[in-house]
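Down below is the structure, laid out as structure tokens.
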Amino acid sequence: MSTSLVTSSCALPPHLAAWRSLVSRSISAWDDLSRADDDPFPLIRSILEEESRSLDDFLGQGTKICMFWFFQRRSAFTSQKRMKKWSRDALDDYIILPASSGFVTRADCFFISHFWRTPQNPDPDGENLRLHQANFESQTWSYVWVDWTCMPQSPRSVLEETYFHRCLQTMSAIIRNCGFAYFYPPFEPRLWILYEITEFVLTSSGGFPKTSDIEVYFEHIDEMLKAGVQATLAKHGYCCSFHRDRQYLTSWLELLVLLKRLPFDICELRDIMNRLTWSPFAEDQYHVGLAILKKFEGTLTAFGKTYTFTPFPQWDHGKYSQGKPI
225 MSTSLVTSSC ALPPHLAAWR SLVSRSISAW DDLSRADDDP FPLIRSILEE ESRSLDDFLG
285 QGTKICMFWF FQRRSAFTSQ KRMKKWSRDA LDDYIILPAS SGFVTRADCF FISHFWRTPQ
345 NPDPDGENLR LHQANFESQT WSYVWVDWTC MPQSPRSVLE ETYFHRCLQT MSAIIRNCGF
405 AYFYPPFEPR LWILYEITEF VLTSSGGFPK TSDIEVYFEH IDEMLKAGVQ ATLAKHGYCC
465 SFHRDRQYLT SWLELLVLLK RLPFDICELR DIMNRLTWSP FAEDQYHVGL AILKKFEGTL
525 TAFGKTYTFT PFPQWDHGKY SQGKPI
């Protein structure tokens, strides 16, 4: 008897049928997407099929071996009039991609960096969406990631909060491995925006066009490399809505700046950052012959010296943001 996920799906409750359709659709797409030399496909497939029999199983995975991200499909993104809020009732809009080497690439995926226009909705009038739809129209791509659309938003259930937390711990890899898209209003010292730009720029090779709406952030990246992260943030009054965000983003920025200051080549830098993301709960990262990174102690040992940065916060107990939007 067949064990296919789609077998007898017509007899399933709608929410289970939608989930199994999403899993089946995602796995079918992975063969075309994965460009990893060391193919982890069988293990990753078994994790999704055998340990995530429902959406709630998937959301509550906690510290399981592999993280998966929701990406919005091109057809859903281009047809909407407003950026859609993440919803368990709209699974047909998505594909699930593994947080593992080779599945998320700039050839197929975009990350959209954006301001939040209001605390309740980042783009209530659809103005930012229309700019991106026009920009993407002639380009070749398949999937897009927007925090509002691809992570559970307020109010969140306990399981949704668990998944949201894991997304925050791994979203650096989305920024790093996707194409980077933005349309910013006049400059404001928003810490999330500075972090997202810094993550992409410092882990990329080649040039990055300096449009007028991003120039100031580039100046501040240069300033962080010279004067330090916290001095730059204080000087320009960078802020974010939640104190825990600031703790977390400060750690990421200090580590990025530290790695960039040291004589790592771009491939080595990306390897360190990728391993940090693929194993977000590991306390220590050992890169043979290269570095030892202890994220919760805030130390990096490399080139015969030990360097320090603000330790990453540990959020294993309690909610990340008490159900509020980032």
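At position 79 of the sequence shown (counting the first as 1) the number is 303 in the working numbering, and the numbers step up by one without a gap. Think of the CB as a built atom: it goes at the ideal place given N, C-alpha and C, for glycine as much as any other residue.
Status (buried if at least 16 other CB within 10 Å, exposed otherwise) for residue i
i	result
Ile496	buried
Ser337	buried
Lys519	buried
Ala526	buried
Leu267	exposed
Glu253	Here residue 253 is Ala; the residue named in the question, Glu, does not match the sequence. Result: buried.
Asp317	buried
Gln377	buried
Where residue i sits in the DSSP three-state scheme
i	result
Thr364	coil
Leu236	coil
Trp629	A question about residue 629 goes unanswered here, because the residues of the chain that appear run from 225 up to 550.
Ile445	helix
Gln377	coil
Leu229	With a pLDDT of only 46 at Leu229, under 50, the local geometry of the prediction cannot be trusted, and the value read off the model is given with reservation. Three-state DSSP puts Leu229 in coil, outside helix and strand.
Phe424	helix
Gln285	coil
Beta-bridge partners of residue i, as assigned by DSSP
i	result
Thr530	Thr525
Tyr318	Gln296
Lys518	Asp508, Thr523
Phe334	Val368, Gly403
Cys463	Arg414
Residue from the options with nearest C-alpha to residue i
i	options	result
Arg400	Arg494, Ala455, Ser465	Arg494
Arg312	Pro379, Lys529, Phe442	Pro379
Thr551	Cys333, Ala526, Leu321, Leu449	Look at the range of the chain in this structure, 225 to 550, and you will see that residue 551 is not part of it.
Trp310	Thr302, Leu514, Phe295, Ser303	Phe295
Glu384	Asp281, Thr530, Ser465	Asp281
Glu273	Ser475, Arg249, Val368	Arg249
Leu315	Arg244, Pro409, Glu361	Arg244
Leu514	Arg499, Pro413, Trp340, Ser503	Arg499
Thr373	Gly431, Val382, Pro346	Pro346
Ile319	Thr474, Pro343, Gly284, Leu279	Leu279
Leu426	Ile445, Pro487, Arg298, Arg414	Ile445
Ile251	Ala300, Ala235, Ala241, Arg269	Arg269
Using 8 Å as the threshold, is the segment 344-361 in touch with the segment 324-331, meaning 3 or more CB pairs across them? At 8 Å Cβ cutoff, the stretches do not touch.
Do three or more CB pairs link the segment 506-513 to the segment 453-465 at distances below 8 Å? With a cut-off of 8 Å on Cβ pairs, the segment 506-513 is not in contact with the segment 453-465, counting fewer than three such pairs.
Are three or more beta carbon pairs between the segment 462-472 and the segment 434-441 nearer than 8 Å? Per the Cβ contact rule, the segment 462-472 is not in contact with the segment 434-441 (fewer than 3 Cβ pairs under 8 Å).
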